[in-house]
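A short write-up of the structure that comes next.
In the UniProt record's numbering, the protein residues as written are 1 to 127.
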């Protein structure tokens, strides 16, 4: 879906059966400057909680990365990625859980892909 604000995405997602939804893909308008996307209303929705994959394009994701840990696969843009964010992804989705999570974070137009199974193998390298 292409939206300008969170409220638009909430209205659209509410109309979709959460049992059938696998992917939440939210795109901002291409001609608008990238704005910060708050997901506080979205994360309350059953559709958000049940989806397996999140794509958030042409928005700068605002909330802490912990808010994305219910997804199996995530593609979002961050204005800034901290070491704590990377370690949180590693902790929640990787080495310390039985699930696999693929996180693709776009940071200042550089794509960083974390395959958490691989990160677990590097546990002793103190990233």
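Cβ coordinates follow ideal geometry from the N, Cα and C atoms, glycine included. Just so it is clear, the structure is predicted and the values come from calculations on it, not from any experiment.
>> Tell me the DSSP secondary structure of residue 43 in three-state form.
In response: helix
>> I need the boundaries of the beta strand (DSSP E) containing residue 53, first residue and last residue.
In response: 53-57
>> Within the continuous beta strand (DSSP E) that includes residue 23, where are the two ends?
In response: 23-28
>> Can you check which of these residues, 44, 57 and 10, is closest to residue 25 by C-alpha distance?
In response: 57
> How about residue 21 and residue 51: do their beta carbons lie closer than 8 Å?
Replying inline: yes
> Along the chain, where does the beta strand (DSSP E) that runs through residue 35 open and close?
Replying inline: 35-37
>> With H, G and I counted as helix, E and B as strand and the rest as coil, what does DSSP make of residue 66?
In response: helix
> From residue 66 to residue 87, what does the alpha carbon distance come to, in whole angstroms?
Replying inline: 11 Å
> Relative to the C-alpha of residue 53, which residue among 38, 1, 5 and 23 is closest?
Replying inline: 23
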